[in-house]
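Below you'll find the structure, written out as structure tokens, and then a few comments.
Number of protein chains: 2
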Amino acid sequence: MDLKDLFLNYQKHESQNVTFLGRVRSHRQGKAVSFLVLNDGTSLNDVQVVYKSEVEGFDKIKDARVSSIVEVYGEVIVTPRKPQPFEIQAKKLVLLDQAVEEYPLQKKEHSPEFLREIAHLRARTKTFQSIFRLRSSLAYAIHKFFQEQNYVYVNAPIITGNDAEGAGEAFVVTTREDGNYEEDFFGKKASLSVSGQLHGESYAQAFNKIYTFGPTFRAEDSNTSRHAAEFWMIEPEIAFIDLQKNLEIIESMVKFVINYVMENNLDELKFCEKNLEFGLIEKLTKVRDAKFQVCTYEEVINTLKIAVDEGHVFENNDIKFGTDLGSEHEKYICEVVYKGPTFIINYPKDIKAFYMKQNDDNKTVAASDLIVPGIGELVGGSQREDDFEKLIRRCKDMGVNIEELDWYNNLRKYGYYKSAGFGLGFERLVMYITGASNIRDVISFPRTPNNLLF
Amino acid sequence: MDLKDLFLNYQKHESQNVTFLGRVRSHRQGKAVSFLVLNDGTSLNDVQVVYKSEVEGFDKIKDARVSSIVEVYGEVIVTPRKPQPFEIQAKKLVLLDQAVEEYPLQKKEHSPEFLREIAHLRARTKTFQSIFRLRSSLAYAIHKFFQEQNYVYVNAPIITGNDAEGAGEAFVVTTREDGNYEEDFFGKKASLSVSGQLHGESYAQAFNKIYTFGPTFRAEDSNTSRHAAEFWMIEPEIAFIDLQKNLEIIESMVKFVINYVMENNLDELKFCEKNLEFGLIEKLTKVRDAKFQVCTYEEVINTLKIAVDEGHVFENNDIKFGTDLGSEHEKYICEVVYKGPTFIINYPKDIKAFYMKQNDDNKTVAASDLIVPGIGELVGGSQREDDFEKLIRRCKDMGVNIEELDWYNNLRKYGYYKSAGFGLGFERLVMYITGASNIRDVISFPRTPNNLLF
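If you read the protein sequences in the order shown, they are chains A and B. The opening residue of the first sequence carries number 49 in our numbering; numbering runs sequentially from there. The opening residue of the second sequence carries number 49 in our numbering; numbering runs sequentially from there.
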């Protein structure tokens with residue numbers, strides 16, 4: 049039986065015999081009784097198995113090393129006065145496979161850096177059990193949120209001939225070593241996608257509501273705790289809606305996924321709270337229950353100016369219309385000023401992408417960033433430019449290759465009435481919800497500059 | 049309101065006024081009354097809007113072209129004697145955006161080849177509405193099947209330094225044009241993954257039950273209706289189980305996803321049946337309700353030999369132990385002999401991968417292919433070799449780079465007791481369930497040799 053089921057139903061099995069397999073997490077031998085702590089991966093909880101020298105299989109089991117696989121046959125003893133709710137009094141133990149002595153994950157604490165070097169093993173630790181089970185649940189919660197509302201899941205292409213958005217930061221995909229792309233597999237230069245948004249937008253014109261959820265790539269030479277060369281993005285797009293409705297969808301999605309893991313993964317969240325971020329569950333509860341605030345970029349600038357005038361010191365104190373807000377500014381706004389999740393809307397057009405809808409003031413676009421306490425930007429979204437001429441002008445002003453994107457721009461000619469969407473970096477969400485502070489620790493096998501293990 | 053909701057609830061809205069937006073699919077003007085057929089993408093069903101010259105907005109709406117966006121305000125008239133269950137008697141019509149005359153998707157029939165060239169628009173046709181909504185539902189059904197059984201969803205890496213499986217067929221990922229990989233982004237040669245299985249296996253040792261679901265790539269120069277350079281795979285892996293249990297999981301997964309779309313997407317399936325594959329729903333019903341058969345490769349060889357002796361002609365008539373079964377053989381076995389889904393197990397080791405568990409007969413491995421009527425192989429799986437020495441010997445025999453894979457092979461040293469899993473090509477599943485005969489028609493933006501549009 050799975051340990052997950054045993055932990056759910058141990059009371060039903062009180063004084064009964066059960067059978068299960070598990071990996072040895074620790075093994076302590078005493079004079080009278082010995083203790084095996086086992087886990088089978090289905091639950092964050094370990095089970096303690098108590099045995100004496102009379103147990104069947106003693107001769108072999110007494111030498112079981114950490115990480116060995118053991119089959120247990122024994123009685124469930126409910127232990128209301130001990131930290132664990134029950135233990136197993138072994139009747140028979142089979143050492144199914146003995147691990148070598150040099151198993152790299154012994155009981156002692158390991159540094160995150162060391163664990164990254166054994167990424168194929170680190171998911172066996174409780175920290176990574178928690179992180180990667182939460183990652184899995186979050187992925188499912190996202191699918192569930194959109195599927196239950198009739199969104200169509202679109203697999204945007206990973207290999208793209210469309211370099212427009214990735215200018216300079218896209219990996220090339222090739223079968224050659226000489227850069228002769230005309231003779232290459234696709235007969236032209238191919239790159240790894242940096243975003244599925246533009247392809248997704250064309251599908252929103254067909255299905256009304258779509259979302260992508262797939263890997264994206266950036267060949268950016270940044271060695272920070274928040275950048276990876278390979279990461280997953282969720283990019284929903286909804287036809288016939290404006291920026292305001294887009295904010296409502298973002299808000300309900302964020303609350304839905306938080307609520308989902310609070311209902312389904314409380315053990316993992318508690319472990320993360322204890323080991324990764326103090327106050328994690330209270331933080332998530334607040335976000336789930338908050339009414340997200342909305343303010344304009346211009347209001348933010350004014351607020352920040354006042355803060356500077358009153359003596360607050362930012363690393364970048366040069367606050368004016370046009371300033372690209374840094375994480376320090378975003379955190380000040382949502383942590384100090386609004387004390388909760390906040391949408392900043394209507395950014396200056398010059399610091400945002402070509403496809404965002406120009407507002408009537410001729411200087412801002414209908415863009416929104418959702419900023420949250422503790423991490424800053426979590427979701428970026430916008431209403432899209434629906435006017436073909438304006439869109440082309442923005443492409444030209446910003447040096448976007450019009451020929452490459454004619455298929456995208458032309459969507460505006462074929463019947464187009466509003467469209468809006470957003471992008472959520474999945475790893476950023478996982479970091480926010482687990483409290484992990486390094487993106488390398490929420491990706492199974494992370495890829496960063498000069499780092500390609502496994 | 050969404051047209052999907054309107055179709056579900058039109059009776060509740062009888063004789064009431066409703067408002068919705070839609071794209072013009074056709075527009076027919078008569079002397080007394082005119083007809084707009086609209087769709088908003090949320091439903092496969094079109095709604096017919098009837099209007100007279102007195103309708104508010106007539107002057108503009110009378111010129112609405114195909115693909116324009118229209119806002120409708122009108123009364124729901126239930127029409128039990130007409131093909132459609134209801135129509136809308138318009139009170140007010142607003143032409144929100146007029147499409148150009150040169151819209152490529154006019155009402156006439158288009159060839160699949162032409163539609164592939166306008167992949168950004170083809171999802172607006174009913175055929176591709178059906179295919180891509182089914183694709184989306186199937187993806188969700190797969191997540192649902194595994195998540196509800198406590199599997200952990202693992203995002204195996206896409207960029208890999210691990211060339212072992214893809215020998216010669218992997219795309220290179222680079223930021224250079226000279227093949228100097230030591231100076232490249234990762235400091236070594238990087239490829240696009242051809243399979244997430246090996247990485248997934250290491251996670252099954254941590255979580256017991258995992259599945260991957262992500263894109264994989266093959267730089268194979270085949271221009272067939274069943275090959276694409278970019279496709280999605282589902283690769284579950286379960287620790288502590290053998291081949292037999294693996295077959296049970298495959299069988300229940302296939303039945304679950306078929307049942308899911310039959311319950312949730314019957315409209316789309318009916319459309320596919322009418323337009324893509326005669327008898328589709330009966331085919332799927334039979335698979336859902338069948339008991340999958342199991343036979344050994346050796347039994348298959350004997351059966352095929354007898355068929356040849358009795359005069360059956362295969363393209364490859366040279367049937368002996370060691371023959372790599374072709375699609376023609378697989379179809380004969382499941383369509384003529386077993387008349388239903390059939391697992392073929394215990395293949396000769398020389399035609400299967402290095403990681404499959406060697407059987408005691410020393411000539412076969414614990415592999416299984418699920419073959420189904422109409423398409424042949426749908427799922428391939430195996431129990432993995434758990435003996436470190438045997439695994440290394442197979443690597444050497446088959447020319448697999450042991451150094452590159454030491455992390456994978458070493459899993460056998462760290463406590464390892466049985467593991468099995470399988471691979472399901474997602475596009476093959478979508479083709480099977482929609483009846484689409486070309487893989488290019490079940491991928492939003494397909495990638496094949498010399499073909500990289502969008």
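All C-beta atoms, glycine included, are put in the ideal place defined by N, C-alpha and C. Being a predicted model, the structure only gives us computed values, none of them experimental.
Residue i - DSSP class collapsed to helix/strand/coil
i        : result
Glu296/A : helix
Leu501/A : coil
Pro389/B : coil
His75/B  : strand
Gln253/A : helix
Thr371/A : coil
Gln431/B : strand
Val342/B : strand
Ser82/B  : strand
Gly327/A : coil
Asn271/B : coil
Tyr188/A : helix
Glu283/B : strand
Ile117/A : strand
Ser178/A : helix
Thr208/A : strand
C-beta neighbour in chain B for residue i, strict 9 Å
i        : result
Thr175/A : no
Thr222/A : yes
Thr390/A : no
Gln253/A : yes
Val66/A  : no
Glu225/A : yes
Ser101/A : no
Asp145/A : yes
Asp50/A  : yes
Leu169/A : yes
Leu314/A : no
Leu163/A : no
Arg488/A : no
Residue i at chain A interface by Cβ criterion, 9 Å
i        : result
Arg432/B : no
Ile235/B : Note on residue identity: the sequence assigns Gly, not Ile, to residue 235/B. So yes, Gly235/B belongs to the interface.
Glu451/B : no
Phe219/B : yes
Gln406/B : no
Ser178/B : no
Leu477/B : no
Residue of the options minimising C-alpha distance to residue i
i        : options                                  : result
Ala276/B : Asn57/B, Asn486/B and Pro160/B           : Asn486/B
Ser116/A : Val72/A, Phe340/A and Ile297/A           : Val72/A
Ile125/A : His191/A, Leu54/A and Leu144/A           : Leu54/A
Val413/B : Ala468/B, Gly89/B, Ala204/B and Gln59/B  : Ala468/B
Val242/A : Ala267/A, His61/A, Tyr259/A and Ile109/A : Ala267/A
Gly122/B : Asn65/B, Pro128/B and Leu291/B           : Asn65/B
Pro131/A : Glu150/A, Asn93/A, Glu104/A and Tyr99/A  : Asn93/A
Glu347/B : Ile381/B, Asn87/B, Gly248/B and Met49/B  : Ile381/B
heavy atom of the ligand SAH below 8 Å from residue i C-beta
i        : result
Arg442/A : The ligand SAH is not part of the structure shown, which contains no ligands of any sort.
Can you list, in chain order, the residues of the segment 328–361 of chain B whose Cβ is nearer than 9 Å to any Cβ on chain A? none
What are the residues in the segment 111–142 of chain A lying within 7 Å of chain B by C-beta distance? Ser115, Ser116 and Ile117
If we count Cβ pairs, one from each stretch, closer than 8 Å, do we get three or more for the segment 328–341 of chain A versus the segment 447–461 of chain A? no
Does the segment 191–204 of chain B come close enough to the segment 333–350 of chain B to have 3 or more Cβ pairs within less than 8 Å? no
Interfacial residues, the segment 262–296 of chain B to chain A, with Cβ spacing under 9 Å: Answer set for the segment 262–296 of chain B: Gly262, Pro263, Phe265, Ala267, Asp269, Ala277, Glu278, Trp280, Ala287 and Phe288.
Taking a Cβ distance cut-off of 8 Å, strictly less, list which residues of the segment 69–94 of chain A are near chain B, in chain order. Residues Leu69, Arg71, Val72, Asp88, Gly89 and Thr90.
Beta carbons nearer than 7 Å to chain B: which residues of the segment 237–250 of chain A have them? Across the segment 237–250 of chain A, CB contacts with chain B closer than 7 Å involve Ala238, Leu240, His247 and Ser250, in sequence order along the chain.
For the segment 293–307 of chain B and the segment 71–86 of chain A, state whether three or more C-beta atom pairs, one from each stretch, are separated by less than 8 Å. no
Answer yes if the segment 434–445 of chain A comes into contact with the segment 472–486 of chain A, meaning at least three C-beta pairs across the two stretches below 8 Å, and no otherwise. no
So, do the segment 388–408 of chain A and the segment 416–436 of chain A have three or more beta carbon pairs nearer to each other than 8 Å? Touching, yes, given that three or more Cβ pairs across the two stretches are closer than 8 Å.
Is the segment 172–188 of chain B touching the segment 302–314 of chain B in the sense that three or more CB pairs, one from each, lie closer than 8 Å? yes
Is there contact here, the segment 351–363 of chain B with the segment 373–381 of chain B, by at least three beta-carbon pairs under 8 Å? Touching, yes.
Do the segment 150–170 of chain B and the segment 159–172 of chain A touch if we need at least three Cβ pairs shorter than 8 Å? no
Of all the residues that make up the segment 440–472 of chain B, which are near chain A by a beta-carbon distance shorter than 9 Å? Those residues of the segment 440–472 of chain B that come within reach of chain A (Cβ to Cβ, closer than 9 Å) are Trp455, Tyr456, Asn458, Leu459, Arg460, Lys461, Tyr462, Gly463, Tyr464, Tyr465 and Lys466.
Along the segment 187–200 of chain A, where does the CB come closer than 7 Å to a CB of chain B? Name the residues. Ala187, Tyr188, His191, Gln195, Asn198 and Val200
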